[in-house]
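Structure, as structure tokens:
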């Protein structure tokens, strides 16, 4: 655990900052929490933080890092960020403002209605019924959101590690010595 001190710290700090941003947006205007542009900016910022955590970890390792180590450190950082954000939003929608969850459901239904022509009436009606019956703290929903957070963290870390990795040139010579 000590070896991932930096990624853990980056993840916790950004998760806290993200929660504070969400609360400030909610106090200014609750609809801003669901604004796609703001969500996109927060996501891009989280990508930058995950990459910075990987670069800082690489520097701590002497300036060289293998893909697996870079990916693992950034995966830890990303998991902390995305799982914390997910759990916060679940709890926020349940205990602070339950109307936010209903608003999200309405937006999803409107999106499905717009796509009705492409997916068909039966599929649209099935999806709308599922969304209508969905509860915020439903166990399967929580598992899906957490699994999605882990998957997104892994994909981001795996791709970013390709750019962060830096092989030590000495390793090539030692391998054949």
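Residue numbers (my numbering): -12 to 164.
Backbone N, C-alpha and C fix where the C-beta goes; we use that ideal spot for every residue, glycine too.
Inter-residue CB distance, residue i and residue j (contact presumed, cutoff 8 Å)
{"i": "residue 133", "j": "residue 37", "result": "No, residue 133 and residue 37 are not in contact; Cβ-Cβ is about 18 Å, not under 8 Å."}
{"i": "residue 6", "j": "residue 75", "result": "5 Å"}
Neighbourhood of residue i by C-beta distance below 7 Å, restricted to the same chain and skipping five residues each side
{"i": "residue 2", "result": "67, 68, 71 and 72"}
{"i": "residue 60", "result": "-9, -6, 40, 41 and 44"}
{"i": "residue 29", "result": "5 and 8"}
{"i": "residue 148", "result": "41, 54, 57, 58 and 61"}
Which residues DSSP lists as bridging residue i, in chain order
{"i": "residue 52", "result": "153"}
7 Å Cβ cutoff met for residue i and residue j
{"i": "residue 152", "j": "residue 57", "result": "yes"}
{"i": "residue 24", "j": "residue 13", "result": "no"}
{"i": "residue 92", "j": "residue 129", "result": "no"}
Cβ-based neighbour list, residue i, same chain, cut-off 6 Å, excluding 5 preceding and 5 following
{"i": "residue 114", "result": "99"}
Simplified DSSP state of residue i, which is helix, strand or coil
{"i": "residue 72", "result": "helix"}
{"i": "residue 122", "result": "coil"}
{"i": "residue 84", "result": "coil"}
{"i": "residue 131", "result": "helix"}
{"i": "residue 107", "result": "coil"}
{"i": "residue 102", "result": "coil"}
beta-carbon residue i near the ligand SAH non-hydrogen atom, thresh 6 Å
{"i": "residue 32", "result": "For the structure depicted, the ligand SAH is absent and the ligand set is empty, with no information on it obtainable."}
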